[in-house]
Amino acid sequence: DAKTTQPTSMDCAEGRAANLPCNHSTISGNEYVYWYRQIHSQGPQYIIHGLKNNETNEMASLIITEDRKSSTLILPHATLRDTAVYYCIVSPNAGNMLTFGGGTRLMVKP
Amino acid sequence: EAQVTQNPRYLITVTGKKLTVTCSQNMNHEYMSWYRQDPGLGLRQIYYSMNVEVTDKGDVPEGYKVSRKEKRNFPLILESPSPNQTSLYFCASRRMGLSNQPQHFGDGTRLSIL
Chain U
-12 DAKTTQPTSM DCAEGRAANL PCNHSTISGN EYVYWYRQIH SQGPQYIIHG LKNNETNEMA
48 SLIITEDRKS STLILPHATL RDTAVYYCIV SPNAGNMLTF GGGTRLMVKP
Chain W
1434 EAQVTQNPRY LITVTGKKLT VTCSQNMNHE YMSWYRQDPG LGLRQIYYSM NVEVTDKGDV
1494 PEGYKVSRKE KRNFPLILES PSPNQTSLYF CASRRMGLSN QPQHFGDGTR LSIL
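Here the protein sequences line up with chains U and W, keeping their order. Those letters in the first sequence? Residues -12 to 97, by my numbering. Those letters in the second sequence? Residues 1434 to 1547, by my numbering.
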């Protein structure tokens, strides 16, 4: 699986958009980009995933650059409950294992 | 409600005393997996199963066993637990097939081996 690089921590004001970047410059053509988050030792929660097109669901938007070497997770209106560690993972189409690195600790502040 | 259920949520036990952590999913998922999470090491896969009676090793299988006799259950067995298996454990499941379905995780089991 391709290695990912994320900032260690970020702050965001409540109600504002949170933009979490991820670099995955060695991504292969068949690898998807997944985003999960983990709130204080609870089970990782799936947020969104994509291959090359931008994706949106009820939780977030995922923007993938045209060369697929980086992506951004956008939480449009962050709330205090969005405070968590966010993990960006790349995994191939047929892959089953997810390798979680250090992630980004997002702190949403009032 | 679709969910992955692990039991127990917390367990403190002693070295060498066999234990089993159960995992059950109600989503009819073919794929199930066990991970452990340790500070500074992220989430590492222990074992996974792609269907009934099909299991395979992940990154860190030593000291663990699994079985998949039914589709919904995937227990993790520590035959002779040791202190280095003190960790936070997560079970996950996903649907196999097209579009690379995401994994869904349980709430975790915190094991302390004294």
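Here a beta-carbon is modelled for each residue, glycine too, at the ideal position from N, C-alpha and C.
Under a criterion of Cβ atoms nearer than 9 Å, the residues of chain U adjacent to W:PHE1523 are, in order, GLY30, PRO31. Using a Cβ-Cβ cut-off of 8 Å, W:PRO1535 counts as an interface residue toward chain U, since at least one Cβ of chain U sits closer than that to its own. Proximity to U:LYS(-10) across U:PRO97, U:TYR19, U:MET(-3) peaks at U:TYR19, based on C-alpha coordinates. W:ARG1505 sits close to W:GLN1458, with the two beta carbons spaced by under 8 Å. When the five nearest sequence neighbours on each side are left out, the beta carbons in the same chain lying within less than 8 Å of the beta carbon of W:ARG1477 are those of TYR1468, ARG1469, GLN1470, ASP1471, GLY1491, ASP1492, VAL1493, in order along the chain.
Across the structure, W:LEU1452 and W:ASN1484 are spaced so that their CA atoms are roughly 23 Å apart. Residues of the stretch 40 to 62 of chain U with a Cβ closer than 8 Å to any Cβ of chain W: none.
The residue from W:GLN1534, W:MET1465, W:LYS1498, W:ILE1546 with its alpha-carbon nearest to that of W:LEU1521 is W:ILE1546. In the three-state DSSP reduction, U:ARG92 falls in the strand class (E or B). Scanning chain W for C-beta atoms nearer than 7 Å to the C-beta of U:GLY89 yields GLY1475, reported in chain order. Minimum Cα-Cα distance from W:SER1466 among the listed residues W:GLN1536, W:LEU1511, W:GLN1436, W:ARG1543 corresponds to W:GLN1536. Comparing alpha carbon positions, the residue from W:PRO1441, W:ARG1501, W:THR1446, W:GLU1463 closest to W:VAL1454 is W:PRO1441. The C-beta of U:TYR21 comes closer than 8 Å to at least one C-beta of chain W. In the DSSP assignment, U:ILE35 forms a beta bridge with U:TRP22. Proximity to U:SER48 across U:GLY16, U:LEU85, U:ALA65 peaks at U:ALA65, based on C-alpha coordinates.
Annotation: Cβ neighbours of U:HIS36 in chain W (cutoff 8 Å, chain order): ASN1533, PRO1535. Around the beta carbon of U:ARG3, fewer than 16 other beta carbons lie within 10 angstroms, which makes this residue exposed.
W:GLY1541 and U:SER28 have their C-alpha atoms spaced approximately 8 Å apart. For W:GLY1475, the uninterrupted beta strand (DSSP E) run begins and ends at 1475 to 1484, by DSSP. In this structure, the straight-line span from the alpha carbon of U:ILE34 to that of U:ALA71 is close to 12 Å. By the criterion of a C-beta distance shorter than 8 Å, U:LYS56 is surrounded in its chain by ASN10, HIS11, SER12, ILE14, once the five residues flanking it on both sides are discounted. Checking the DSSP bridge columns, you'll see W:TYR1497 has no partner listed.
In terms of CA proximity to W:PHE1538, U:GLN25 leads the group U:ASN17, U:GLN25, U:GLY16.
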